[in-house]
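One structure is given here, and the rest of the page talks about it.
Numbering (the working numbering), first residue to last: 41 to 373.
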């Protein structure tokens, strides 16, 4: 005999998170973006695991469709930093690496390695290989001898010893990693891919960010300004923090609550031909001085200069320092 469901005679209480889905999705006229405070409250519920899966999917896709605002990114970041309660560890550069490369090799890894060899303390973090056809930082850690850390204590010790540490997002913010991993379930990247660039969990002296899609760079710069961070945002090659030497680079900066802009000219008169395939071993051979690569050298020198610009040097000084670092690197790897 079929079980008969009893009638619903009392209105069920609304879920606390429903308010935020409604704000974003209440039709063309009724919908709006979240305020900074609302974004902070919504992310707090997400981080505490107090949101249903259906709500999470709806929330992420509504944000994705609307396009996240600087106020929302700032509020989300404030919630994450409060939830994280990370220890005090001195860092010069926060270096998010979430995009992966598909046209050129990840020369930014050699740039970071060279900077670290000269005492610049760099925290790298990423969200894993989530999109087919791309080469990710996580896949090259062993090859390039970049230390992998799995907790904050290891990060602190590694930065003291090697000045460069990679800390996977899923080890320090598993809730955000889960949202990133929904990319292949929902069919679209969620705003968490953008948010991860802003987080700067240890409050580094400078947060570097790469945002590939036009228009988003200024939004990210504004989010960092609202947070009181010192940051430099570029349209990096493939979405990674890597200056493309073949094109003009625009720097979107924020320092002490003030926004600034700077334009760097292309370093090549003509575009380089992209390689037929990406061979990771080429990076190690280039570091050792066994092969030459015009594009790679220009890209990594300019990327080091970008980082040094973020740490206070002007463009000319930064390029001269970067070239000196590269010329005198320890070629063993």
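The beta carbon of each residue, even a glycine, is placed where N, CA and C say it ideally should be.
Only a predicted model underlies this, so the values are computations on that prediction, with no experimental measurement involved.
When the alpha-carbon of residue 321 is set against those of 221, 330, 314, the nearest one is in 330. DSSP places residue 346 within a helical segment (H, G or I) once states are collapsed to three.
Annotation: residue 88 to residue 327 spans about 44 angstroms, alpha carbon to alpha carbon. Under DSSP, the beta-bridge partners assigned to residue 246 are 133. In this structure, residue 350 places its C-beta atom within 7 angstroms of the C-beta atom of residue 246. A Cβ-Cβ separation of about 6 angstroms places residue 135 in contact with residue 248 under the 8 angstroms criterion. Look at the beta carbons and you see the region 260 to 274 touching the region 113 to 124: at least three pairs across the two are nearer than 8 angstroms. Secondary structure note for residue 120: it is in no beta strand (DSSP E), and the uninterrupted alpha helix (DSSP H) holding it is 110 to 124. Remark: C-beta atoms of residue 124 and residue 231 do not approach each other more closely than 7 angstroms. Here residue 178 carries a helix assignment [DSSP, helix/strand/coil]. Residue 360 counts as exposed, since fewer than 16 other beta carbons sit within 10 angstroms of its beta carbon.
Annotated three-state conformation of residue 336 is helix, per DSSP. Scanning the region 283 to 333 for uninterrupted beta strand (DSSP E) segments of 3 residues or longer gives 289 to 295, 298 to 304, listed from N- to C-terminal end. The DSSP-derived three-state label of residue 270 is coil. Across the set 70, 61, 117, 297, the C-alpha of 117 shows the shortest separation from the C-alpha of residue 76.
In this structure, DSSP gives residue 188 an extended state, which the three-state scheme calls strand. Within the model, the alpha-carbon separation for residue 121 versus residue 98 is close to 24 angstroms.
The secondary-structure analysis by DSSP pairs residue 162 across a beta bridge with 133, 204. Cβ neighbours of residue 119 within its own chain (closer than 7 angstroms, five residues either side excluded): 80, 83, 84, 87.
One thing to note: residue 143 has its Cβ within 7 angstroms of the Cβ of residue 314.
Straight across, the Cα-Cα distance linking residue 62 with residue 96 is about 12 angstroms. Contact between residue 160 and residue 132 holds, with the beta-carbon distance rounding to 5 angstroms and staying under 8 angstroms. The beta carbon of residue 223 is closer than 6 angstroms to those of 170, 229 in its chain, skipping five residues each way along the sequence. Residue 293 is not a Cβ neighbour of residue 250, given a cutoff of 7 angstroms. DSSP places residue 373 in no alpha helix (DSSP H); its state is neither H nor E.
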